[in-house]
Amino acid sequence: MNQNITETLKKLGPLIGLIALFIIIAFMNDSFLEFSNLRNLLRQVSINAIIAFGMTFVILTSGIDLSVGSILALSSAIMANFIVGGMNPEVAILASAGVGIILGGINGIVIAYGKVAPFIATLATMTIYRGATLVFTDGNPISGLTSDPLFHGFGQGDIAGLPVPAITMFVSFLILWFVLQKTTLGRQTYAVGGSEKVSYIAGIKINRVKIFAYALTGMLSAIAGAIITSRLNSAQPTAGMGYELDAIAAVVLGGTSLAGGRGHIVGTLIGALIIGTLNNGLNILDVSSFYQQIVKGIVILLAVLGDRKKA
Amino acid sequence: MEIKMTGIAKAFGTNQVLKDVAITLKAGEVHALMGENGAGKSTLMNILTGLHKADAGVITVDGVATTFANPREAEKNGIAFIHQELNIWPNLSLLENLYLMQPKRNGIGMLDRKAMLAEAQAKCKELNIELPLTKEAGQCSVGQQQMTEILRVLMLDAKVVIMDEPSAALTERETETLFRMMRQLKAQGVAIVYISHRMEEVFSECDVITVMRDGHTISTKPVQETTVDEVVRHMVGRSIDEFYPDRTTAPGDVVLTVNGLKPRDFNSTISFDLRKGEILGVAGLMGAGRTEIMRAIFGIDKHDGGEITLNGKHLHFKKPEDAIKAGIAFITEDRKGEGLILDFSIGKNITLPNLGQVCPNHVLNSNKLVDFADNLSKRLGVKTQSVHLPASSLSGGNQQKVVIAKWIGLSPSIIIMDEPTRGIDIGAKRDIYDLMNELTSQGVSIIMVSSELPEVIGMSDRVMVIHEGAVAGILNHNDASPEAIMNLATGGQ
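From first to last, the protein sequence lines stand for chains U and C. Counting along the first sequence from 1, when you hit position 95 you're at 95 in our numbering, and nothing is skipped either side. For our numbering, add 1000 to where a residue sits in the second sequence, where the first one is 1.
If you want it as structure tokens, here you go:
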């Protein structure tokens, strides 16, 4: 019974943290809880959250993906080029997701079959994909893509008062929650991270599970890239730099263990909301962006330390 | 130097490893220490060198009662232990390994590599051995690493040298060099403890043989006054009680044939067959290669050549998945490392290999999964309140039952069990034996690797004995006496 309570507390920890953060910031500034600001908040969170959902799968297999920002930039540049070349913008978004799957799949194949440590493998592809982006774009943004309203809606529009990127985030969340909790693939993702040896001997196709996780992360990074590109109507070769760290932070804040096998995607959504709320709240409170970084770092440290104590 | 250990007792938790052990080591004498796996040989030597503390008993060195606080202190006092697992830093050269703990320094405190090299070379010459001293240890053969370890001990001016199965990893030529060094040490008045399972070596190289069994010293005799037969009898001499359920099924036709299988890094090939409803015991000493053979069959480790025929079909298992599809299950000896995900609940562990079978459309059906796990957990008699509790909450015996449950769920036709009852209590053991009988009566065939002779003899229809990576013989139930098995396992005739 006692154990159950600590278990539940541990699961609820990130949520309690998020609520506390909301209350504190709301007290310090009225405009925080205004509808327009909350909408803004969701829009800001969506990009990091979408990437972090994929990162959750990767980290659950006890891997890591540092190349998400570079995949985002390269798939966006390719998509922008397609659109400039006359492709239907909506088809181009799908093509971009395909590029993300391929780039992420390469990560997965190198890690699964090449037996390269995920940190090293994706550190290398992070550099390679970024370099490829710069070569492909010649270092210049690809701008003035299209005036297609559907394409612009993907990054800027609203449906029923909700920003479309936030809807994309919630829909991906629901799908991925289902995959992780309710399918054999999800169970096997946990198993591979829990013990690769046990999983292998139990006949699980561990290479396939890993490649899926990285390909999924690649696809989600590309979707996040499409959102940014749609919002700016332009693909930047430097887009997505440093995004891997925010995504990892969201996963860790959500209580997923970097050692793999333990954690859940609900936590990641909350983790992303915590980071987004901090960013948004500190801006509203007029805290200098220099201090913001320090605060963010401290929050991550405290969250992880708290998790350690309970474990 | 003379060392006397008397009345030594030692327990780890509830496991009484040593009960009443006495041994005397004399200068210039090679003393063989023999006994089955788990008889307490290594523990005894670890007590002498200060790694463990005895619960009772006295150690005297030249008549003075002594205990060493740790192995390093024992070494300083001239007692050195060369372990089976060598203390070698693979990333350093042999020379650096030699001098890591006792480096030579020059006038200003810097390492004096030249002096160290010169001394080591001189020592090698004196002992008439050749070592690539500047080569990285990890690149050297196990034999060369072992020579280095022995050399290091000699440079400490050791008076007592303990060697735990030193020849196990050596080639014939290296073994010859080892013996030459041992004779030289003996001539210099060093006392040597030689732990080995190899009768031939023991009888040719040692002066005295002490046999241990179940934490007791059974006998200490000069080599001239004993025989291989007597030593084996002393090693295994316990009666097999009524503990094992009677085998009721007569094995049927051959279902599995392994022909010429050569596990990677083996020098010989393995051939045997398995009948329907049979329990084939696999006996052998630690390191004989039993586990490796089973892993190669199941596709966990690679093998070079050989044929596996299952119900008349030639099969090749590249990975465990293939073997599982063919209806084979593998219960590992490493319960915590390879058998269970300790963080996972009991239910999740049980259903892990069965997900595809219970949920064929890839969507998890929680009710079906819990029922499935619950049924198996009850069938195996896992003692737990709920299958939702983590596997780590269970005792060793119940954890083992969970490992077995997850494989039984696949309804395999062949089960490979590697040490199925290691480290579990009597009650759970009996449960597992009963289950084995039940399974074989339903036509399941079992290969059981075990280091416990009574278990092998009590449960097996036939016993295959492995010696140094080869099948030394296959005994029928009636011929499988402890003596016959140990004889084959130690390479005797």
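Even for Gly, the Cβ is constructed at its ideal location relative to N, Cα and C. Since the structure is predicted, the reported quantities are computational estimates derived from the model, not experimental observations.
**Prompt:** List, in order along the chain, the chain C residues whose C-beta lies closer than 7 Å to that of residue 191 of chain U?
**Reply:** 1341 and 1352
**Asked** Hey, residue 1195 of chain C and residue 1081 of chain C: beta-carbon distance below 8 Å or not?
**Response** no
**Message:** Using beta carbons (cut-off 8 Å, strictly below), is residue 113 of chain U in contact with chain C?
**Reply:** no
**Asked** What whole-angstrom Cβ distance do residue 322 of chain U and residue 274 of chain U have, given they're in contact under 8 Å?
**Response** Shown here, chain U extends from 1 to 311; a query on residue 322 of chain U therefore has no answer.
**Request:** Quick one: list the residues of chain C neighbouring residue 262 of chain U, beta-carbon separation under 8 Å, in chain order.
**Result:** Per Cβ cutoff of 8 Å: 1343.
**Asked** What residue does the beta strand (DSSP E) around residue 1476 of chain C start on, and which one ends it?
**Response** 1470 to 1476
**Request:** Give a yes or no on whether the C-beta atoms belonging to residue 1282 of chain C and residue 1444 of chain C are separated by under 8 Å.
**Result:** no
**Rounded straight-line distance, which links the Cα of residue 1091 of chain C to that of residue 1117 of chain C** = Rounded to whole angstroms, residue 1117 of chain C to residue 1091 of chain C spans 18 Å at the Cα level.
**Prompt:** Among residues of its own chain, excluding the 5 on either side of residue 1121 of chain C, which ones have a beta-carbon nearer than 8 Å to its beta-carbon?
**Reply:** 1133
**Prompt:** What residues in its chain sit with their C-beta under 8 Å from that of residue 1261 of chain C, if we drop five residues either side in the sequence?
**Reply:** 1269, 1270, 1271, 1293, 1296, 1297, 1303, 1305, 1306, 1307 and 1308
**Prompt:** Comparing the C-beta of residue 182 of chain U with each C-beta of chain C, is any distance below 8 Å?
**Reply:** yes
**Prompt:** Three or more beta-carbon pairs under 8 Å between the region 241 to 256 of chain U and the region 93 to 107 of chain U, yes or no?
**Reply:** no
**Item:** Alpha-carbon to alpha-carbon, residue 110 of chain U and residue 76 of chain U
**Value:** 23 Å
**Prompt:** Where residue 1149 of chain C and residue 1088 of chain C are concerned, what is the direct C-alpha to C-alpha distance, given to the nearest angstrom?
**Reply:** Distance between the alpha carbons of residue 1149 of chain C and residue 1088 of chain C is about 8 Å.
**Prompt:** How would you call residue 1284 of chain C, buried or exposed, if buried means at least 16 neighbouring beta carbons within 10 angstroms?
**Reply:** By the 16-neighbour rule on beta-carbons within 10 angstroms, residue 1284 of chain C is buried.
**Prompt:** Between residue 1339 of chain C and residue 198 of chain U, is the Cβ-Cβ spacing less than 8 Å?
**Reply:** Their beta carbons are under 8 Å apart, which means residue 1339 of chain C touches residue 198 of chain U by this criterion.
**Request:** Go through its chain and collect everything with a Cβ distance to residue 1342 of chain C's Cβ below 6 Å, but skip five positions before and after it.
**Result:** 1391 and 1392
**Distance between residue 1096 of chain C and residue 1086 of chain C (C-alpha atoms, nearest Å)** = 15 Å
**Asked** Between residue 1227 of chain C and residue 1334 of chain C, what straight-line distance do the alpha-carbon atoms span, to the nearest angstrom?
**Response** Cα to Cα, the separation comes out at about 37 Å.
**Prompt:** How is the beta strand (DSSP E) around residue 1275 of chain C delimited, first residue to last?
**Reply:** 1270 to 1275
**Request:** Using a Cβ-Cβ cut-off of less than 7 Å, list which residues of the region 1260 to 1290 of chain C approach chain U; keep chain order.
**Result:** none
**Item:** Short CB-CB distance (under 8 Å) between residue 185 of chain U and chain C
**Value:** yes
**Within chain U, partners of residue 1332 of chain C - CB distance below 7 Å** = 201
**Asked** CB residue 64 of chain U to CB residue 137 of chain U, shorter than 8 Å?
**Response** no
**Prompt:** Helix, strand or coil: which one does DSSP assign to residue 1084 of chain C?
**Reply:** In this structure, residue 1084 of chain C counts as coil in the three-state DSSP scheme.
**Local conformation of residue 1011 of chain C per DSSP, three classes** = strand
**Asked** Sorted by chain position, which residues of the same chain lie with C-beta nearer than 7 Å to residue 1043 of chain C's C-beta, five sequence neighbours on each side aside?
**Response** Excluding residues within five positions, the ones whose Cβ falls inside 7 Å are 1010, 1017, 1018 and 1052.
**Prompt:** Is the Cβ-Cβ distance between residue 1263 of chain C and residue 1322 of chain C less than 8 Å?
**Reply:** No; because the gap between Cβ atoms is not below 8 Å, this pair is not in contact.
**Message:** Taking the beta carbon of residue 1253 of chain C as the centre, do at least 16 other beta carbons fall within 10 Å, making it buried, or is it exposed?
**Reply:** Label assigned to residue 1253 of chain C: exposed.
**Asked** Between the region 1360 to 1376 of chain C and chain A, which residues of the former have CB atoms less than 7 Å from a CB of the latter, in chain order?
**Response** The structure shown contains no chain A; its protein chains are U and C.
**Which of helix, strand or coil DSSP assigns to residue 1433 of chain C** = For residue 1433 of chain C, the three-state secondary structure derived from DSSP is helix.
**Prompt:** Would a C-beta distance cut-off of 8 Å place residue 253 of chain U and residue 14 of chain U closer than the cut-off?
**Reply:** The Cβ atoms of residue 253 of chain U and residue 14 of chain U sit closer than 8 Å to each other.
**Asked** Which class does residue 1016 of chain C belong to by DSSP, given the choice of helix, strand or coil?
**Response** strand
**Message:** Quick check: residue 218 of chain U and residue 51 of chain U, are their CB atoms within less than 8 Å of each other?
**Reply:** Between residue 218 of chain U and residue 51 of chain U, the C-beta gap is not smaller than 8 Å, which leaves the two residues out of contact.
**Message:** Among C/1421, C/1236 and C/1033, whose alpha-carbon lies nearest the alpha-carbon of residue 987 of chain C?
**Reply:** The structure shown has nothing for residue 987 of chain C, since chain C only spans 1001 to 1493.
**Request:** Identify which residue in U/28, U/186 and U/98 has its Cα closest to the Cα of residue 1359 of chain C.
**Result:** U/186
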